[in-house]
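First up is the structure itself, then whatever we jot down about it.
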Amino acid sequence: MNFSRLNISSKQAEGILLRLYNLEGSAWPLPGEMDFNFKIQTLASNDYILKISRPNDTLELLDFQQQLLQYIEATGSHLIAPKVVQDIYGKSLSEITDAYGHRRHVRLLTWIPGRIWSDVNPQLDDLRFSLGKQFGLLTKTLQGFDHDMAHREFVWDVAQALWTKDHIALFKGEEKDILSSFLEQFEASQKPYALLRKAVVHNDANDNNIIVSEDLRKPTVKAAIDYGDSVYTQIINDLAIACAYAMMNHNDPLDAALPVVKGYHSAFPLLEEELDYLYITIAMRLVISVTKSAINKIKEPDNKYLLISEKPAWAVLKKWHLTSMAFATYSFRWACGYTAHPHEEKFIEWSESNTFYLSDLFPSIGKNDIHSLDLSVSGKWVGHQEEFNDLALFEFKINQLQKKVPHKIIAGGYLEPRVLYTSSAYHKIGNSGKESRTIHLGIDFWIPHGTPVCALLDGEVVMAVNDAGDKEYGGLVVLKHARGTLIFYTLYGHLSVKSATRHNVGDLIKKGDIIGLLGNYPENGNWVPHLHFQMMLSLLDYKTDFPGVAYHRQMEVWKGICPNPNLLFKLRPLDQKNSVSNNDLIRYRKQHLGKSLSLQYKVPVKMVRGSGQYLIDQYGKSYLDTVNNVAHVGHENYGVVKAGQDQMALINTNTRYLHEYINTLTKELLETLPPRLNVVHFVNSGSEANELAIRMVKAATGERDIIASEFGYHGNTNSCVAISSYKFDSKGGQGAPEHTHIFPIPDAFRGKYRGNNTASAYADEVQRQIDKVRKKGRGVGAFIIEPIISCGGQIELPKGFLNEAYKKIRAAGGLCISDEVQVGCGRVGKTFWGFQLHDVAPDIITIGKPLGNGHPLAAVVCTQDVANAFANGMEYFNTFGGNPVSCAIGAEVLRIVKQENLQENARLIGQFLKSELKTLAKTFPIIGEVRGQGLFLGIELVDSDLNPLPKQTDYLVNRMKDHGILMSSDGPSGNVLKIKPPMIFTKANAKDLIFYLSQILNEDFMKSGNID
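For the record, in the sequence shown the residue sitting at position 474 is 488 according to the numbering used here, with numbers rising by one throughout.
As structure tokens, this is what we get:
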């Protein structure tokens, strides 16, 4: 029938509402497959849903739905569900005849307020858990309910899904192969599947049938609506449908499904045998969906609702086909609190009564004691990544360690989080950004190449291959072992290719037989010689390989599949792992560290390693760092690390002895500065630098009065806090001291003077402070400001302001200080120093820890006149300022900046990033302004009235962290995102930052405006 003759308009719906229910209201169409649905808003502000059937729909089916809702109302006091509204005749089911003479049935239900699932962004784990829980509660409530129509033939019943076989010809190529594979698998499982528990279930948890709360930060599922697909079927099918829709639009569908499974099980406990069929029932729901779409495209090409899930269904179906059914099932078991592998406990029991010796594995060595080696991400032995990748060096270290423990075998590694795996095969993009396989699943035995490796047990060869490639296994053998009904496998990796591949699949190996010889690099996967020994209770779907490293998010499941090999050897050193939880660290900090110390992020992160523009937590997760400008040339830059180590191995003393590095660093520094700035004093921090600058001012001018910007920050010492409005005008502060004079922050976006040409107005504000000092009968000591104000919100100074301000200060007899702690050393790109952006020449500049790449090194550079005035007879001595180690590090940092052209990199990448951010602002007006220079940028978030949005800023910072990107906020209102990454930040890094910013900016809370 032509769809236009089936359709019901909003105007028609309003007339039906008035005629049958005596209600006046407005009708808005809603999606629906069978019924024509309308949201009704009445004059009394009561909302309803009006459902009008298609012509000649089955009355018994509609009665089933009405009775089901009435049953929930009577028995499900803990559930929210639509309630049946009777018509003016007291009927729950009404009837009309349409304009074409067709009989239709009409129902009116109460409206459930909230948002539908498809309108909610993001859909995070807690929300998906609540989805599973809601439908589990619904299934629990419906226990005991039945109706004849619940047992009908129904195409959307997963149990009846084999009807789709008749339509396989509608598909071609890959799609046909995928459907055929799932259909064969489902058909083969019919007998045991038919025996699973059954009940009446909702059967249609699609994204238009789920009502979510209005809470934009922590939304939960409130209710299920549209019970039109309810049916008597296997209970597991109901969960499968909820998972199938919840998995859509996620990179990792299995990971997205697990919270749904947990939630369902928490409300309605699932049986182990039911979980064995969850994978295939999820697939079959998707098979039904794409098959129905293919049919409907032919039948009703104008009905867009019928095609609404086709693209996402195909996308998730293709990903699901690539997901191991066995691994998915083990994951579902773990999510429900069962052992991941059903034979895990049986294996542990068997291992408890069987002990093996290392001399069984390596009889030619004859050692049975272990020296445990920690190669974890936080372990110190592994050293710098550059050193680990130097195989000759790593092997030398192993050999030296072996000499210290000649009677032991060096071993370790089970469940260690490692960052040694640099091949792209170890990384993927998950549901929250980049993920890396870091959790080591076996034990490594570090013994010489050529060492024979023998079988611990009788077994059958199931793999004997050359797993070629960088950081792969090389020669690999896997044996299958049967002990009664218990089946398990042992894996031997990094053998020589020749010794591994001499076996054939199916060969029987006896205990004590030589499996192979340990290989050398590069044939062993390009590793220092060692045996990777691993236990498995399942091969999953692998034929010629098996993971030796897992994703941290999946660690508990992999623990169940790959038990600890030390269960066989029972060697205590291999089980000794001492770690302090993050909660324990936080608890101790709160008790014993300064009470004003803060932690970044709502869920703090423990960082244990740095690498270039990344910080790495204790699980091996890498975070792109856009915040820590102190690591100027990259976290743990190898050249900087080596410079410090080499000098520390020689001598570290003070400036009262001659050493070359203080002169070397001075020369490197002065090469970047104008000739008038030519005297250097080295200190340990930016605070010390500004403290010393203030002393110089007093010595050179005889004055104590300092003029500084509102919201400026210059350090944490007494003198520095006294000139830092960011501190004394904020919580805990007591306002400006007597000798500090603050002018309004020169912010042309939201400051006192806005727009273009504000330089003179702000310079006049500086003059007002000069006049104020003079009225008190005193002179001006100095004017201090950052060339881009950092803590004040990455504020770029108006063009010409600094030039005018400097003139006014000098006319008053004061000195000009440029605080370069944040912006110096090439960060602003166009120039090496921030003051050079403004074409001015300060009398003093202060430099902070970026000079030392995080090592405590800073400097004050001044003119000869200032230096001479400061040298008034009182010696300036700083025990560690200018020490050889610090100077060696500082010189190396400056060399790297110059040799690797990092100033130009800052200019180019900063220019690209700033342009992309401005483009982003056109899509997301919450971005009020993008500002800054080079790799020192700010993004200010405001509403349409330019009011700051600190809550949205905080939300964004924390959500970006969830996606593996570190950001931070600042500014007087906490609404400015700071971007000041290590100077080696790349264009690819910038693109990642923009991509995830766009994702988070599109989330509901970010689009909500100013929220209290």
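Quick reminder that beta carbons are idealized off the backbone N, C-alpha and C, glycines included.
Fair warning: this is a prediction, and the values are worked out from it, not measured in the lab.
As assigned by DSSP and simplified to three states, the class of residue i
i, result
"residue 293", "helix"
"residue 248", "strand"
"residue 62", "strand"
"residue 690", "coil"
"residue 550", "strand"
"residue 1024", "Any answer about residue 1024 is weak, because its pLDDT of 46 lies below 50 and its placement is not dependable; what the coordinates show is given next. It is coil, neither helix nor strand."
"residue 92", "coil"
"residue 1003", "helix"
"residue 506", "strand"
"residue 1057", "Past the edges of the chain, shown from 15 to 1026, lies residue 1057, and the structure says nothing about it."
"residue 48", "coil"
"residue 950", "strand"
"residue 29", "helix"
"residue 763", "coil"
"residue 938", "coil"
"residue 911", "helix"
Closest residue to residue i among the options (Cα-Cα distance)
i, options, result
"residue 808", "943, 463, 869", "943"
"residue 719", "780, 655, 584, 502", "780"
"residue 325", "723, 239, 305", "305"
"residue 879", "363, 899, 858", "858"
"residue 419", "384, 211, 32", "384"
"residue 485", "835, 528, 546", "546"
"residue 732", "689, 702, 1016", "702"
"residue 45", "31, 23, 631", "23"
"residue 673", "897, 152, 651, 750", "897"
"residue 68", "56, 51, 58", "51"
"residue 985", "410, 949, 758, 740", "740"
"residue 227", "140, 330, 831, 712", "140"
"residue 224", "263, 375, 134, 163", "134"
"residue 953", "490, 806, 444", "806"
"residue 587", "185, 957, 991, 426", "426"
"residue 845", "865, 818, 751, 918", "918"
"residue 165", "206, 138, 212, 185", "212"
"residue 724", "787, 798, 662", "798"
Per-residue burial, residue i [other beta carbons within 10 Å of its own, 16 or more giving buried]
i, result
"residue 147", "buried"
"residue 552", "buried"
"residue 507", "buried"
"residue 699", "buried"
"residue 504", "buried"
"residue 387", "buried"
"residue 1026", "The pLDDT assigned to residue 1026 is 39, lower than 50, so where the model puts this residue is not dependable; a value taken from the coordinates is nonetheless given after this. That one is exposed."
"residue 180", "exposed"
"residue 132", "buried"
"residue 888", "exposed"
"residue 689", "exposed"
"residue 525", "exposed"
"residue 640", "buried"
"residue 201", "exposed"
"residue 177", "exposed"
"residue 362", "exposed"
"residue 852", "buried"
"residue 406", "exposed"
Count the C-beta pairs between the region 244-258 and the region 110-128 that are closer than 8 Å, then say yes if the count reaches three, no if not. no
Taking one C-beta from the region 235-247 and one from the region 204-221 each time, how about it: are there three or more such pairs within less than 8 Å? yes
Just list the alpha helix (DSSP H) runs in the region 564-608, keeping only unbroken ones of 4 residues or longer that don't cross its boundaries, in chain order. 569-575, 580-583, 596-606
On the three-pair Cβ rule with 8 Å, is the region 274-281 touching the region 128-147? yes
Quick one: any contact between the region 360-371 and the region 565-573, if contact means 3 or more CB pairs under 8 Å? no
Jot down the residue ranges of each uninterrupted alpha helix (DSSP H) in the region 833-894, minimum 4 residues, whole runs only, in chain order. 878-884
Examine the Cβ distances between the region 956-975 and the region 856-874 and report whether three or more of them are shorter than 8 Å. no
What ranges does the beta strand (DSSP E) occupy inside the region 433-503, keeping only unbroken runs of at least 3 residues that lie completely in it? 441-444, 447-454, 457-460, 466-468, 473-481, 488-497
Which runs of the beta strand (DSSP E) spanning at least 3 residues fall entirely within the region 797-839, listed in chain order? 829-833
For the region 232-241 and the region 189-206, state whether three or more C-beta atom pairs, one from each stretch, are separated by less than 8 Å. no
Would the region 927-943 and the region 705-716 be scored as touching if the rule is three or more Cβ pairs under 8 Å? no
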